[in-house]
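Worksheet for the structure shown next.
Numbering (our numbering), first residue to last: 11 to 430.
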């Protein structure tokens, strides 16, 4: 009897999916992760905001696990975001109090740790990358870090291998009804990390967005600054050379854009900046989440968002919770997959639409934001309030939020959404 559940990708969506399947009785689950090991070091990660949606989703996946207590201590409460431009002109304060500021690595670590507590029913193979998928044969070929080729014939395949998903793209080549649209972010970013508890006047419960520099504090006492890199950004921000000149240029750049953030970092850390990864991505939108009633698209493989949405990791975890609930509504896994596609595709596409609008800003969009702020008292909370602000204590579906956003902005021309 073939009962193998094969998962491509070991991030939050991959580990979350393994828990969802295991929670409904599957006991032969294999996660393929391309990286050689599970590295939870902040040096290889970046800050994220875990909102009520994400917190509730992870709690559902963890069930009665004692790791739920660790989740409650995963980050610092985010009271507000302070947005400034120019030499310190405050243009907005966005209040929350419901989001936990943490890192992608720390969220992934909790989910991974739980997989290792499941009595061997969830296994993880590091250094294994999916190379091809044969939809007709229901066959998956992967390559190990040593060049060995392995072939699997799983009962179900889960594509959770990110916005550049090889698994998804192989499926799309063989199923013409799976349409994949992608739009580059037009943005990259690189992260600085401070030593523990540097002296600063910055509020640890506030996240600062100043001139394309996002500064926030982790629970362990370290601060981070995510520096945006756009097409017209200085070339040294892309450099891998930690030379004295590049360090000096970075120091001058931060002093101009975010001087209080510069004070958090010593010269050694400014030098390390040039050795760290540059993160990027693409907004992704798909026509369906289930392929051949065999393969499932989750997380960034299905709806890669955009950092400013604040929803990347939250939506991935919610995918997995919705998947588990779909199985719980059904009499078998095949029926559960049909329910999942029916219940989730509209929300996945709505999230993609929100992300697209943020990556393709327009004059109309900027005007809408100003007008919605002015008339907020009369027209109600913004979509941001509903996602991670004070109105987010009751989680609304992404599709509901987008429809609400459309109604709010129709009198100003409506949001800038991708063409079908």
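Cβ atoms here follow ideal geometry from the backbone N, Cα and C, with glycine treated the same way.
For clarity, every value in this text was computed on a predicted model and none was experimentally measured.
Which of helix, strand or coil DSSP assigns to residue i
i, result
"residue 37", "coil"
"residue 242", "coil"
"residue 193", "strand"
"residue 222", "coil"
"residue 396", "helix"
"residue 57", "strand"
"residue 315", "coil"
"residue 270", "helix"
"residue 92", "strand"
"residue 283", "helix"
"residue 170", "coil"
"residue 233", "strand"
"residue 255", "helix"
"residue 348", "helix"
"residue 427", "coil"
"residue 300", "strand"
"residue 422", "helix"
"residue 43", "strand"
"residue 260", "helix"
"residue 162", "strand"
"residue 370", "coil"
"residue 210", "coil"
"residue 188", "coil"
"residue 216", "strand"
Same chain only: Cβ atoms within 7 angstroms of residue i, ignoring 5 sequence neighbours per side
i, result
"residue 405", "62, 63 and 66"
"residue 221", "95, 267 and 268"
"residue 165", "12, 13, 14 and 15"
"residue 273", "210"
"residue 261", "272 and 280"
"residue 90", "103, 104, 105, 106 and 216"
"residue 340", "346 and 349"
Enclosing beta strand (DSSP E) for residue i [first to last residue]
i, result
"residue 15", "15-18"
"residue 141", "138-144"
"residue 100", "99-113"
"residue 199", "198-203"
"residue 307", "305-307"
Residue j beta carbon less than 8 angstroms from that of residue i
i, j, result
"residue 16", "residue 150", "yes"
"residue 19", "residue 171", "yes"
"residue 77", "residue 114", "no"
"residue 140", "residue 176", "yes"
"residue 53", "residue 286", "yes"
"residue 355", "residue 397", "no"
"residue 366", "residue 428", "yes"
"residue 362", "residue 295", "yes"
"residue 309", "residue 22", "yes"
"residue 246", "residue 259", "yes"
"residue 195", "residue 291", "yes"
"residue 137", "residue 208", "no"
"residue 324", "residue 370", "no"
"residue 108", "residue 227", "no"
"residue 248", "residue 206", "no"
"residue 284", "residue 256", "yes"
"residue 32", "residue 158", "no"
"residue 293", "residue 193", "yes"
Contacting residues, own chain, Cβ-Cβ under 6 angstroms from residue i (five flanking each side not counted)
i, result
"residue 41", "17, 20, 24, 28 and 134"
"residue 225", "218, 235 and 271"
"residue 60", "110 and 112"
"residue 7", "The structure shown does not extend to residue 7, since the chain is modelled only from 11 to 430, so the question has no answer here."
"residue 50", "115 and 119"
"residue 411", "393 and 396"
"residue 391", "401"
"residue 358", "312 and 313"
"residue 328", "63 and 67"
"residue 320", "59 and 398"
"residue 55", "113, 114 and 115"
Own chain residues within Cβ distance below 8 angstroms of residue i, not counting five before or after
i, result
"residue 301", "145, 181, 185, 188 and 307"
"residue 81", "65, 68, 69, 72 and 120"
"residue 303", "344, 347 and 348"
"residue 305", "143, 145, 166, 167, 168, 169, 177 and 181"
"residue 223", "235, 236, 237, 238, 264, 267, 268 and 271"
"residue 250", "284 and 285"
"residue 75", "124 and 127"
Endpoints, the alpha helix (DSSP H) within which residue i is located
i, result
"residue 296", "Premise fails: residue 296 lies in the beta strand (DSSP E), 292-296, not in any alpha helix (DSSP H)."
"residue 177", "176-184"
"residue 335", "322-339"
"residue 149", "Element bounds for residue 149: not the alpha helix (DSSP H) but the beta strand (DSSP E), 149-154."
"residue 68", "62-72"
"residue 416", "408-419"
"residue 77", "77-81"
Chain D within 8 angstroms of residue i, Cβ atoms only
i, result
"residue 40", "Included in the structure is just one protein chain, with no chain D present."
Inter-stretch contact (C-beta, 8 angstroms, three-pair minimum) for the region 333-342 and the region 213-224: no
Inter-stretch contact (C-beta, 8 angstroms, three-pair minimum) for the region 228-241 and the region 192-210: yes
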